[in-house]
DNA sequence: TGCCAGGCCGGGT
DNA sequence: ACCCGGCATGGC
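In this note's numbering, the protein residues as written are 1 to 211.
Printed below as a string of C-alpha cells:
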C-alpha cells in the first residue's frame, strides 16, 4: 500500500510528464479558479475567468468593490453563479480585512492559513488546500473527486473514506514538497479525466492498469 | 436527451 | 453524527 502511492506517481509522471499546474496566471486568478471549479467542469470556469479578465476585474480592490449581482453575471458560465459570487466576496473580504495584500495574507504558516480559509463560508477542505498549494505554494496535498475515485478503483481506500483519511494516505508516504504535491495532484486529475470519470466503464488503456 | 463536472452548506433525522 | 437536497451552466 505504502509503496503503491509512490508507484502510482512514477507511472503517471512517466506517462504524462510534468503538468505545469495550476492553470492561472497569478495567485489571485488561481484562487478564484479554485472557488469557481467547485463541482464544475474547468472548461466552464475558463469562460468565467475570461469574462473577469475582459472586465479587468482580477484585482482584490476591484473584486471588493464590484456589486455581487454584477459579479454573478460575469461568472455565470461556471454555474452556481449566485452562490459562487457570494463565496468569492466572502473570500476577498476576509483577505482585505486581515491583510494589506494577498502576499501578506499568505505570509503565515500553513496551518494558520488553512484555518483562516476554512473559516470562510464557501471554502471547504479541497478549495482551501488548492489555494494553499497552488496560490500560496505551501506543501499540502489536495484531495478531489478524482483522487477518491482512482484510489477506490484500485482498492486503496473504502468508499466511505473521508478527506483527511485520503490526504494522510499521501502525506504519510511522500516527502513534504510543494512541487511533488503540485505534480501529483495534477497528474491524478489528468488520468482521472482520461480514464476515471464517473461514467467510464472501460479502463483498458489506463496507465494505472495493474497497479 | 439526460447526465456529468477538480464542492460546500444547511436543515432534517 | 450522518444524509440529502439545493445550487446551474455548458458539453458530450
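C-beta atoms are modelled at their ideal positions from N, C-alpha and C, and glycine is treated no differently.
Requested in this report: Quick one: residues in its chain with C-beta nearer than 6 angstroms to the C-beta of residue 136, no 5 flanking neighbours on either side, listed in chain order?
Outcome: Within the first chain, numbered from 1, the residue matching residue 136 stands at position 136. Closer than 6 angstroms at the Cβ level, and outside the excluded window around residue 136, lie 106.
Query raised in the report: From residue 161 to residue 39, what distance separates their C-alpha atoms?
Result: One-based indexing of the first chain puts residue 161 at position 161. One-based indexing of the first chain puts residue 39 at position 39. Looking at the two C-alpha atoms, the distance is approximately 19 angstroms.
Query raised in the report: On the three-state DSSP scale, how would you describe residue 56?
Result: Here the question's residue 56 lines up with position 56 in the first chain. Three-state result, residue 56: coil.
Query raised in the report: DSSP on residue 207, reduced to helix/strand/coil?
Result: To locate residue 207, count along the first chain from 1; it is residue 207. Three-state DSSP puts residue 207 in coil, outside helix and strand.
Query raised in the report: Less than 9 angstroms separating the beta-carbons of residue 117 and residue 88?
Result: As a working note, residue 117 is residue 117 in the first chain. As a working note, residue 88 is residue 88 in the first chain. No; because the gap between Cβ atoms is not below 9 angstroms, this pair is not in contact.
**Report entry** Helix, strand or coil at residue 73 [DSSP, three-state]
**Finding:** Within the first chain, the letter at position 73 stands for residue 73. DSSP places residue 73 in helix when its eight states are reduced to three.
Report task. Would you give the residue range spanned by the alpha helix (DSSP H) that residue 128 belongs to? Result -> For the purposes of this step, residue 128 is taken as the residue at position 128 of the first chain. Taken as a continuous stretch (DSSP letters only), the alpha helix (DSSP H) holding residue 128 covers 125 to 130.
Query - First and last residue of the uninterrupted alpha helix (DSSP H) at residue 202 - result: To locate residue 202, count along the first chain from 1; it is residue 202. That residue, residue 202, is in no alpha helix (DSSP H); it is neither H nor E in DSSP.
Query raised in the report: So residue 189 is in the alpha helix (DSSP H); what residue range does that whole segment cover?
Result: Taking the first residue of the first chain as 1, we reach residue 189 at position 189. Its alpha helix (DSSP H) spans residues 178 to 195.
Query raised in the report: If you draw a straight line from the alpha carbon of residue 23 to that of residue 158, how long is it in whole angstroms?
Result: For the purposes of this step, residue 23 is taken as the residue at position 23 of the first chain. For the purposes of this step, residue 158 is taken as the residue at position 158 of the first chain. When rounded, the distance between both Cα atoms is 31 angstroms.
Query raised in the report: residue 29 to residue 49, Cα distance in whole Å?
Result: One-based indexing of the first chain puts residue 29 at position 29. One-based indexing of the first chain puts residue 49 at position 49. Approximately 8 angstroms between the Cα atoms of the pair.
Report task. Determine, using beta carbons only, whether residue 21 and residue 185 come nearer to each other than 9 angstroms. Result -> Locating residue 21 in the first chain gives position 21, counting from the first residue. Locating residue 185 in the first chain gives position 185, counting from the first residue. Yes.
Report task. Return the CA-CA distance between residue 111 and residue 141, expressed in angstroms with no decimal places. Result -> Sequence index remark: in the first chain, residue 111 carries index 111 (1-based). Sequence index remark: in the first chain, residue 141 carries index 141 (1-based). So the two alpha carbons sit approximately 13 angstroms from each other.
**Report entry** Contact set for residue 167: own chain, Cβ-Cβ below 7 angstroms, skip 5 residues either direction
**Finding:** As a working note, residue 167 is residue 167 in the first chain. Within the same chain, residue 167 has close Cβ partners 141, 143.
Requested in this report: Just list the alpha helix (DSSP H) runs in the stretch 133 to 182, keeping only unbroken ones of 4 residues or longer that don't cross its boundaries, in chain order.
Outcome: 145 to 153, 163 to 171
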